[in-house]
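Have a look at the structure below before the remarks.
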Amino acid sequence: MTTDELHDRSPASAGGLPSYGRFPQPTEHDRHGTTWENDWHQVAGRLLTHLDEDTTDSLDDTFTVSVDDYLDAGRWEREVEVLFRKGPVVAALSAHLPEPGSYRSIEIAGVPVLTVRQADGGVKAFVNSCRHRGALIVGDGCGQARRFTCPYHAWSYNTEGALVGISGRQKFGEVDTETHGLTELPCEEQSGMVFAVLQPDATLDLDAWLGGYDRVLDALGLADMELLVERTLGGPNWKIAFDGYVDGYHLDILHRDTLGVDVMGNVMTWDAWGPHQRVAFARRVTPELRDIPPADWTPAKHVGFVHTVFPHVSVAGNGGRGAMVSQLIPGPTPDRSRTI
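Under the working numbering, think of the first position of the sequence shown as 16, with each following residue one higher.
Spelled out as structure tokens, the structure:
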């Protein structure tokens with residue numbers, strides 16, 4: 016099934032929701048008005064209908080997915096190259112970079128990326144590789160620094176990526192420091208996430224990429240959240256993990272003692288903004304909405320949401336006091352990945 020076919024058969028396309036690229040684009044009212052902030056009310060209404068009729072959002076017909084989609088080496092190489100190395104990815108959360116000098120280092124699709132909060136509050140992203148001999152400058156993780164020093168020969172760079180120090184310079188010879196700063200990557204912060212393209216000569220058109228989805232993401236409040244805890248889990252092909260985040264069929268089975276206590280399994284709505292998806296799950300308390308005026312409905316209590324940011328981020332949250340953000344990174348082979 017092609018992306019076009021999947022879109023054409025989705026609830027999102029029926030409702031005229033905005034999309035990226037060749038899909039319909041949002042109107043100015045949709046993009047800047049209150050439509051996307053308040054649409055969870057119609058989602059709640061759809062969930063109530065599903066509960067009444069014992070249904071869920073789904074395609075008209077069943078279909079199968081080949082194992083080759085997850086294990087074929089050629090397909091995996093194309094995914095990594097096109098989706099992760101050439102398309103927008105999330106390099107960091109705003110919460111990783113709370114103040115000037117805050118940084119996050121991460122490897123994505125074989126590219127070491129260093130994102131740094133600037134003195135003016137902006138964010139820059141660089142290839143985390145010394146311009147002398149290509150050594151990794153900062154190990155994976157987050158921290159605070161005024162400059163970054165290569166552990167190999169102690170060349171140092173400031174937070175703006177400029178080369179500001181060469182060890183033993185009097186014996187090294189002439190170096191044009193203006194042209195030997197860290198390689199900068201296109202980068203933009205939006206909705207509590209730092210997006211980047213892993214090619215220095217690329218263009219990042221984030222408005223086109225999100226296609227109005229930023230209005231939905233803004234309502235999650237990620238930009239105002241602090242990082243509580245972070246851990247890394249190994250896993251199989253990255254798409255298997257991705258599929259799990261939008262699968263409500265397993266919630267009250269696999270997670271019966273945790274999420275299943277609160278969430279109903281396989282009672283969902285599904286919407287798409289181009290390649291980005293949002294699924295909503297009915298909670299055990301969702302039926303209470305029948306007796307509550309819509310003006311008093313609260314998403315944090317009555318509806319569960321998972322938002323995906325294509326190709327590799329999942330946000331489980333609904334504008335409440337917190338969210339679980341999962342970042343999926345392809346591993347070195349098709350059968351490996353990691354989730355942060």
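Built from N, CA and C at the ideal position, the CB exists for glycine as well.
For residue i, write down the residues that DSSP places opposite it in a beta bridge.
i, result
"residue 208", "108 and 205"
"residue 288", "291"
"residue 428", "Because the chain here runs from 16 to 355, residue 428 falls outside it and cannot be looked at."
"residue 142", "128"
"residue 70", "The partner list for residue 70 (beta bridge, DSSP) is empty, contrary to what the question assumes."
"residue 65", "Residue 65 pairs with nothing; no bridge assigned."
"residue 341", "329"
"residue 354", "248 and 343"
"residue 118", "131 and 158"
"residue 322", "293 and 330"
"residue 283", "296"
"residue 123", "126"
"residue 278", "298"
Does the ligand FAD have even one heavy atom less than 7 Å from the beta-carbon of residue i?
i, result
"residue 266", "Ligands in the displayed structure: none, and consequently the ligand FAD is not present."
Note down, in chain order, each residue of its chain lying with its Cβ closer than 7 Å to the Cβ of residue i, except the 5 sequence neighbours on either side.
i, result
"residue 163", "152, 153, 171 and 172"
"residue 71", "65, 281, 282 and 283"
"residue 305", "63"
"residue 12", "With the chain covering 16 to 355 only, the question about residue 12 has no answer from this structure."
"residue 236", "334"
"residue 277", "298 and 299"
Could you tell me whether the Cβ atoms of residue i and residue j are closer together than 8 Å?
i, j, result
"residue 287", "residue 65", "no"
"residue 84", "residue 93", "no"
"residue 262", "residue 279", "no"
"residue 98", "residue 349", "no"
"residue 184", "residue 167", "no"
"residue 115", "residue 134", "yes"
"residue 180", "residue 199", "no"
"residue 122", "residue 75", "no"
"residue 253", "residue 347", "no"
"residue 132", "residue 197", "no"
"residue 257", "residue 178", "no"
"residue 293", "residue 214", "no"
"residue 327", "residue 228", "no"
Can you list, in chain order, the residues of its chain with a C-beta nearer than 8 Å to that of residue i? Leave out the 5 residues immediately preceding and following it.
i, result
"residue 372", "The chain is shown from 16 up to 355; residue 372 falls before or after that span and cannot be answered."
"residue 318", "55, 58, 59, 62, 295, 296, 297, 298, 301 and 333"
"residue 232", "205, 206, 207, 208, 225, 322, 324 and 330"
"residue 161", "116, 173 and 174"
"residue 243", "337"
Please go through the same chain and pick out, in chain order, the residues whose beta-carbon is closer than 6 Å to the beta-carbon of residue i, but skip the five residues on each side of it.
i, result
"residue 361", "This structure gives no information on residue 361, because the portion of the chain shown stretches from 16 to 355."
"residue 157", "111 and 119"
"residue 52", "Legend: pLDDT at residue 52 = 44, less than 50; position of this residue unreliable, value from coordinates given subsequently. Cβ within range, chain order: 234."
"residue 37", "Confidence at residue 37 is low in this model, with a pLDDT of 30, below 50, so its placement is unreliable and the value that follows should be read with caution. If we look at residue 37 and ignore the five residues flanking it on each side, it has no Cβ neighbours."
"residue 341", "329 and 354"
"residue 217", "201"
"residue 192", "178"
"residue 249", "353"
"residue 194", "none"
"residue 251", "350"
"residue 150", "165 and 167"
"residue 46", "With a pLDDT of 35 at residue 46, under the threshold of 50, the modelled position of that residue is not reliable, and the figure given next carries that caveat. Within the same chain, residue 46 has close Cβ partners 227."
What is the C-beta distance between residue i and residue j, in whole angstroms, given that I count them as a contact (C-beta under 8 Å)?
i, j, result
"residue 138", "residue 130", "6 Å"
"residue 128", "residue 140", "6 Å"
"residue 109", "residue 238", "5 Å"
"residue 338", "residue 240", "7 Å"
"residue 315", "residue 335", "4 Å"
"residue 95", "residue 124", "5 Å"
Which runs of the beta strand (DSSP E), 3 residues or longer, sit entirely within the segment 172–244? The qualifying runs are 178–180, 202–205 and 208–211.
Contiguous alpha helix (DSSP H) assignments of at least 4 residues, all confined to the segment 142–166: Considered as a whole, the segment 142–166 harbours no complete run of any alpha helix (DSSP H) with no fewer than 4 residues.
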